[in-house]
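Peer 1:
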Amino acid sequence: MRSRAALVVLSAVALGCPAKTEPPVDTLKRCEVDLSRADLFTQAGSGAKAFKITQDAQRLTGQFAQVVVGDYALENDRIRAGVTGPMRLMSHVPFGGTLVDADLKRPDGEPGRDQMGQLGLIYNFGRAIEVKKVEVVQDGSAGGPAIVAATGVDQLNDFIDVQANVDRLNLGLKLALQPDVAVPLRMTTYFAVSPGESRVRQVTAFCNDGDKDVVSTWGDITAGGGTMDFFNPGECKGGFGEHDCLVDPSPWFGWQGDGVAYGYRSYQVDSPTTPEVGAILYLSHSAARLSGMKDLGDVLTWADPMAKDRPGRVVIPKGGSKLFVRDWAVGKSLADVGAQWLALDAAPQATVTASVMSNGQPMPQARVLLSDTANRAVALAFSDDQGKASLTVAPGTYRASAAVLGRQVAVAVELTADAGTTQPVTLEVGAARTLTVKVKDPFGAPLPAKVQVRCDGACPVKWSSYERFMEQEPQADDLALVGYVPPQGSATFTVPPGSYRVSVTRGPEWSAFPDTFPMLGAPVDLSAQDATVEATLAHVVDTTGWMSADLHVHAVNSADAQPTNEIRVLAFAGEGVDVLVSTDHEWVTDYAPIIQKLGAQGVLASVIGCEVSPTWGHHNLFPLVPDGTAGGGAVDWPGGADAPALRPPQLDEAMRTRGGSSALIQMNHPRGNNGMLTQMKVDTLTGASHTDPGLNRMGADPKATADDTRLFGSDFDALEVENGFNPSTEILNDWFVFLSRGLVRTGTAVSDTHNAFSSPSGYGRTFVKLGVDTTDKFDGAAMTAALKARHAVGTNGPFLTVTAQKLDGASMPTGATAQVGDTVSIAASDKVRLFVDVQGPEWMKFDRIELFTHAEGREAWNGDGNGKFPTAAQSKSLDPMALPVEAVPGLNGFSARKVHVTHTFDVQPAADAWFVVMVRSTSAVPEMQGLVFRGGCNTTSCNQGSARAAAFANPIFVDADGSGAYDTFALKQGLTVRAPPRPAALPPRALHVPPTLDEARAVLRQLKHQPE
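In this note's numbering, the protein residues as written are 11 to 1022.
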């Protein structure tokens, strides 16, 4: 419900709400609908209720329950649902009056399982109902449907800007309906729950209060919310997941959660009982459904001014109205949802009853799947404690199968289900073995850890085998399991019978199990019986006074991430990260209660933050205090004072206001589609920007010139030099140029993790010099202050420290020792020695230590990154296979060793200067497979990508002019610099030539796979 993937037709950007004349709330009339119409609302029966929530006990509960006191609830004997009151929130639909909660009606005492995100209307490619009034119009006491109505006025959806993204493609295209253009519509959405039904019927009435007909097109945006599996029985996957899917036809779509499932479908305009096939646009765990369109070709007609027919076009006559009807179905499984569609359509039905067995015993909680003859998934159910599952489907021929993670998938059985009959089928899933992993340190204390189980030979079951039954993160074909041992030091895992290699790690500060890691794991034979692995891990890297932190982390509260907060805590504890900084998109998440619940407070601390995510550039802000509002008080980044959208410098001010003067602002992934330096077309040498502010609905800065639109927001404290596995060459150059022109900012390394396993937690990570190194002494404010002071080192593995002292006449160190971020004061032309210390576990390899300082040629112009790797001022080459290794003492008799390399660089600056030390690895060095990896699949196989060891320290500064500070920097701000001429803009394409389908797909793929 919070963020969105950047997509050409649905992508967020900072913009605001233009002033307009609106009727007072108390006189705002509903756009009326005949509530007695049987084709809109089921009238029979009694027992449905609608009411305003007045106490917490009336709220829905579950992983993603959102409604609060003051919002509205609907329920009957089968389901419960929640609708927000009028409000403002940072989401795909940033106004209230939307459906945000739904669950089955559960027996007293059974926990709720609400996992819904949000279902909200969008029309004209970027307009929304600004809901002013929500009311109960039928409470259900007289029988028939219970109905809540949300009434509002036409407003710009300031979380979405389709045209801006179209403009960035330089295709010369304009949408046939401009979302910036207001329309004279008054709208009411009626949310209805009828007796005996398991759906929320939504009817939006569009009233045209103008004197001309209004042309419109509409649809809904749905955010998944909790940890659920996305399902589309239409094209692309033909079932679960949306990886590499772009725009597909969809008769309906839904999500399968834990004990609850949801389904969405819409109906033809002027025929509210006839379901339609709509175009679905995938938005990273969210989806947009466009009514009346079926595929990308239909969507593109709205960008073709010569198109004579535009699917999805609706004409609302002056003084008249039109209705948009859709259903949100709720069930225990997707099979329940599909059965509802059949019942609502009075369509022929057949029943398949499955018995799932394993070794002659009933198999509970198996996923039972029916696929059609085109291999598209049709229905999914779960077996009960007796191994039974029932699925109601349309008559036809199907293939039935079943799966349980950690077991061989059942062989598919073909069957024919005739109308009015029940077809039994027996499915046999494979046996399973239990692997118990126990982890301790050399003194016997339990440890959290990461466990990898790789197949010793061919895998009995590949990860990809389960993709038919659930969403799966891509993993290597030889990987049977990735899991985490909790802080209590013991965990059990289920895998199919077979031979495996097991490895146990706890991040780059610790030894690994076994000693043959990362080449080979410990052999474990699970062919015939269960087994236990006992691993001892030692802390081998001396990080006294330092704590590691990941400053960019996503989990379920980000709309584009699915891992639970619990798995995120276990992952960080298992990867040996000391501090987890929450940075969900538009959501202020507090991990402290989860850390306490899992007993991880002795190994993991947390800081509360948020990622502020306009399309033109994301920023993290921390620490924050949740304020009790929706989303915890995320920064409302649209809403400019002099224009609809905040300019970047204005957003800086808004973040400072929300976080206070002590908060830290980090510029995230500065390059790319979601990076400010790229999108604002910044010249890094001067800070000038060249993006037209109107492209992002920003007003022009009064001081803007033809050479500088003044859209570079420079009031940030840190920037991500490393987002993911390795430092970015382009951003290294940006950072170095900033240092040389006196824009001194902290360089950080982060993971930006969105997945549980395929984008691992803590790679990269930032070590911060705090003077303490245990969670009981950790202070978040002290960490923020240390980061601002640049007492930090970024890494994907090696632990790098750098100190400096000036040298006397005999070339001996003298005076105070400077740490990273500090300044050494010298007389001009005195020498300074930098002491470099690099540690890592015994198996870690690297082959270069480099020293960087100011040099010309690193600047970037007009937003185009400089991809030439910066030349080092000095360097030291190492033999990666002969790095010095030393025993680690004091391990209670346990034997462990570490890599430990030291080196010095002597410099003799004639003026103020900065020096950055970097450790890295050339292509001759082995990757850190086994510790740092991500999954990836092509059309034939799944493999792992990894990284070579790298680390960088923040600068040590030299004051050579006696001022006591680094202030006579190489490039003074305001220095007249002659920049190379900006290339002329490419001529726009002829307006009558829309992109081809292949061109559009290529752009969508590029925009979809961007750092978030």
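Just so you know, even glycine gets a beta-carbon here, dropped at the ideal spot from N, CA and C.
Compare the Cα-Cα distances from Gly642 to each of Lys62, Thr64, Leu50 and Gln76 and report the closest residue.
Peer 2: Position 632 of the sequence shown, counted from the start, is the residue given in the question as residue 642. When each option's Cα is compared against that of Gly642, the closest is Gln76.
Peer 1: With 16 as the cutoff for other CB atoms within 10 Å, does Lys713 come out buried or exposed?
Peer 2: Numbered from its first residue, the sequence shown carries residue 713 at position 703. By the neighbour-count rule (16 or more Cβ atoms within 10 Å), Lys713 is not buried but exposed.
Peer 1: Between the beta-carbon of Gly757 and the beta-carbon of Val778, is there less than 7 Å?
Peer 2: Stepping through the sequence shown from its first residue, residue 757 is reached at position 747. Stepping through the sequence shown from its first residue, residue 778 is reached at position 768. In this structure, Val778 does not lie closer than 7 Å to Gly757 by Cβ.
Peer 1: Just reading off the alpha helix (DSSP H) that Arg299 is part of, what are its end residues?
Peer 2: Here residue 299 refers to the residue found at position 289 when the sequence shown is read from its first residue. Taken as a continuous stretch (DSSP letters only), Arg299 belongs to no alpha helix (DSSP H), being part of the beta strand (DSSP E) at Ser296 to Leu300.
Peer 1: Let's see if you can read the secondary structure: which residues bound the alpha helix (DSSP H) around Thr739?
Peer 2: Locating residue 739 in the sequence shown gives position 729, counting from the first residue. First-last of the alpha helix (DSSP H) with Thr739: Thr739 to Ser750.
Peer 1: What residues in its chain sit with their C-beta under 7 Å from that of Ile966, if we drop five residues either side in the sequence?
Peer 2: Position 956 of the sequence shown, counting from 1, holds the residue named residue 966. Counting only Cβ-Cβ distances below 7 Å, and skipping sequence neighbours, we find Val812, Ala814, Ala828, Val830, Asp832, Val834, Leu844 and Phe925.
Peer 1: If you draw a straight line from the C-alpha of Val635 to the C-alpha of Asp818, how long is it?
Peer 2: For the purposes of this step, residue 635 is taken as residue 625 along the sequence shown, with counting starting at 1. For the purposes of this step, residue 818 is taken as residue 808 along the sequence shown, with counting starting at 1. Rounded to the nearest angstrom, the two C-alpha atoms are 49 Å apart.
Peer 1: Would you mind working out which of Glu866, Leu109, Leu901 and Ala156 sits nearest Thr52, comparing C-alpha positions?
Peer 2: The residue labelled residue 52 in the question sits at position 42 within the sequence shown. Considering only alpha carbons, the answer is Ala156.
Peer 1: Which same chain residues end up closer than 6 Å to His628 when comparing Cβ atoms and leaving out the 5 residues on each side of it in sequence?
Peer 2: Here residue 628 is taken as the residue at index 618 of the sequence shown, counted from 1. The residues are Glu621, Asn678 and Asn684.
Peer 1: In chain order, which continuous runs of the beta strand (DSSP E) of length 3 or greater are located wholly inside the region 486-531?
Peer 2: You should have 489-495, 500-505 and 509-515.
Peer 1: Can you tell me whether Thr932 is buried or exposed? The criterion is at least 16 other CB atoms within 10 Å of its CB, across all chains shown.
Peer 2: Within the sequence shown, residue 932 is the residue found at index 922, counting from 1. It is exposed - the Cβ of Thr932 has fewer than 16 other Cβ atoms within 10 Å.
Peer 1: Mapping the DSSP letters down to three states, classify Arg657 as helix, strand or coil.
Peer 2: Sequence index remark: in the sequence shown, residue 657 carries index 647 (1-based). It is coil, neither helix nor strand.
Peer 1: Can you list, in chain order, the residues of its chain whose CB lies under 6 Å from that of Gly877, leaving out five sequence neighbours each side?
Peer 2: In the sequence shown, the residue the question calls residue 877 occupies position 867. These residues qualify, in order along the chain: Thr739 and Glu740.
Peer 1: Tell me whether the beta-carbon of Leu547 lies closer than 7 Å to the beta-carbon of Leu457.
Peer 2: Indexing the sequence shown from 1 puts residue 547 at position 537. Indexing the sequence shown from 1 puts residue 457 at position 447. A contact, by the Cβ cut-off of 7 Å.
Peer 1: If you follow the alpha helix (DSSP H) that Ile139 is in, where does it begin and where does it stop?
Peer 2: Here residue 139 refers to the residue found at position 129 when the sequence shown is read from its first residue. Counting along the chain, Ile139 falls outside any alpha helix (DSSP H), though it belongs to the beta strand (DSSP E) covering Arg137 to Gln148.
Peer 1: Run through the DSSP bridge pairs and tell me what Phe51 is partnered with.
Peer 2: The sequence position of residue 51 within the sequence shown is 41, counting from 1. Partner(s): none; Phe51 has no beta bridge.
Peer 1: Output the distance between the C-alpha atoms of Ala960 and Ser761, rounded to the nearest integer angstrom.
Peer 2: The count along the sequence shown starts at 1 and reaches residue 960 at position 950. The count along the sequence shown starts at 1 and reaches residue 761 at position 751. Their backbone Cα atoms lie some 14 Å apart in a straight line.
Peer 1: Report yes if the CB atom of Ala360 is closer than 7 Å to the CB atom of Pro405, and no otherwise.
Peer 2: Position 350 of the sequence shown, counted from the first residue, corresponds to residue 360. Position 395 of the sequence shown, counted from the first residue, corresponds to residue 405. Against a cut-off of 7 Å, the Cβ pair of Pro405 and Ala360 comes out as a contact.
Peer 1: What are the boundary residues of the beta strand (DSSP E) that Thr436 is part of?
Peer 2: The sequence position of residue 436 within the sequence shown is 426, counting from 1. From DSSP, the beta strand (DSSP E) with Thr436 extends over Thr432 to Glu438.
Peer 1: What are the complete beta strand (DSSP E) segments, minimum 3 residues, inside the region 797-856?
Peer 2: The qualifying runs are 802-805, 809-817, 823-829, 833-835 and 842-851.
Peer 1: Could you spell out the range, first to last residue, of the alpha helix (DSSP H) harbouring Glu576?
Peer 2: Numbered from 1 along the sequence shown, position 566 holds the residue referred to as residue 576. Its alpha helix (DSSP H) spans residues Asn575 to Gly584.
Peer 1: Pull up the distance between the alpha-carbon of Gly752 and that of Arg657, whole angstroms please.
Peer 2: Here residue 752 refers to the residue found at position 742 of the sequence shown. Here residue 657 refers to the residue found at position 647 of the sequence shown. Answer to the nearest angstrom: the Cα atoms are 23 Å apart.
Peer 1: Output yes or no for whether 7 Å exceeds the beta carbon distance between Leu131 and Asp230.
Peer 2: Taking the sequence shown and counting its residues from 1, the one referred to as residue 131 is at position 121. Taking the sequence shown and counting its residues from 1, the one referred to as residue 230 is at position 220. Yes, the Cβ-Cβ distance between Leu131 and Asp230 is below 7 Å.
Peer 1: Near Ala349, which residues of its chain fall below 7 Å by C-beta distance, leaving aside the five closest residues on each side in sequence?
Peer 2: As a first step, residue 349 is located in the sequence shown; it is residue number 339 there, counting from the start. Result list for Ala349: Thr402, in chain order.
Peer 1: Can you pull the DSSP bridge partners for Asn736?
Peer 2: As a first step, residue 736 must be located in the sequence shown, where it is residue number 726. Looking at the DSSP assignment, Asn736 forms no beta bridge with any residue, so it has no partner.
Peer 1: How many angstroms separate the CA atom of Glu481 from the CA atom of Ala897?
Peer 2: By 1-based counting over the sequence shown, the position of residue 481 is 471. By 1-based counting over the sequence shown, the position of residue 897 is 887. Cα-Cα distance, rounded: 45 Å.
Peer 1: With three or more beta-carbon pairs closer than 8 Å as the criterion, would you say the region 792-806 touches the region 568-583?
Peer 2: They do not touch, by the three-pair rule.
Peer 1: Can you list, in chain order, the residues of its chain with a C-beta nearer than 6 Å to that of Ala215? Leave out the 5 residues immediately preceding and following it.
Peer 2: In the sequence shown, the residue the question calls residue 215 occupies position 205. Closer than 6 Å at Cβ, skipping near neighbours: Cys41, Val43, Thr198, Ser331 and Leu333.
Peer 1: Apart from the five residues on each side of it in sequence, which residues of its chain come closer than 6 Å, Cβ to Cβ, to Arg930?
Peer 2: Locating residue 930 in the sequence shown gives position 920, counting from the first residue. The residues are Arg858 and Ala960.
Peer 1: Go through its chain and collect everything with a Cβ distance to Ala1012's Cβ below 7 Å, but skip five positions before and after it.
Peer 2: Counting from one through the sequence shown, the residue named residue 1012 turns up at place 1002. Within the same chain, Ala1012 has no close Cβ partners at all.
Peer 1: Check this for me: beta carbons of Arg386 and Asp337, under 7 Å apart or not?
Peer 2: Here residue 386 corresponds to residue number 376 of the sequence shown, with the count starting at 1. Here residue 337 corresponds to residue number 327 of the sequence shown, with the count starting at 1. Their beta carbons are not under 7 Å apart, which means Arg386 does not touch Asp337 by this criterion.
Peer 1: On the criterion of 16 or more Cβ atoms from any shown chain inside 10 Å, does Gly867 qualify as buried, or is it exposed?
Peer 2: The residue you call residue 867 lines up with position 857 of the sequence shown. When all chains shown are included, Gly867 counts as exposed.
Peer 1: Please state if the CB of Gly106 and the CB of Val141 are separated by a distance shorter than 7 Å.
Peer 2: Here residue 141 refers to the residue found at position 131 when the sequence shown is read from its first residue. Here residue 106 refers to the residue found at position 96 when the sequence shown is read from its first residue. Against a cut-off of 7 Å, the Cβ pair of Gly106 and Val141 comes out as a contact.
Peer 1: Would you tell me roughly how many angstroms separate the C-alpha atoms of Ala1000 and Val309, rounded to the nearest one?
Peer 2: Numbered from 1 along the sequence shown, position 990 holds the residue referred to as residue 1000. Numbered from 1 along the sequence shown, position 299 holds the residue referred to as residue 309. Since pLDDT at Ala1000 reaches only 46, below the 50 mark, its modelled position is unreliable, and the value read off the structure follows with that caveat. The straight-line gap from Cα to Cα measures roughly 19 Å.
Peer 1: When the Cα of Thr237 is compared with those of Val566, Asp319, Gly517 and Val224, which residue comes out closest?
Peer 2: What you label residue 237 is simply residue 227 of the sequence shown in a count that begins at 1. Cα-wise, what sits closest to Thr237 is Val566.
Peer 1: Quick check on this structure: which residue in Met529, Phe582, Leu530 and Gly704 has the alpha carbon closest to the alpha carbon of Tyr494?
Peer 2: Taking the first residue of the sequence shown as position 1, residue 494 is located at position 484. Tyr494 has its Cα closest to that of Phe582, out of Met529, Phe582, Leu530 and Gly704.
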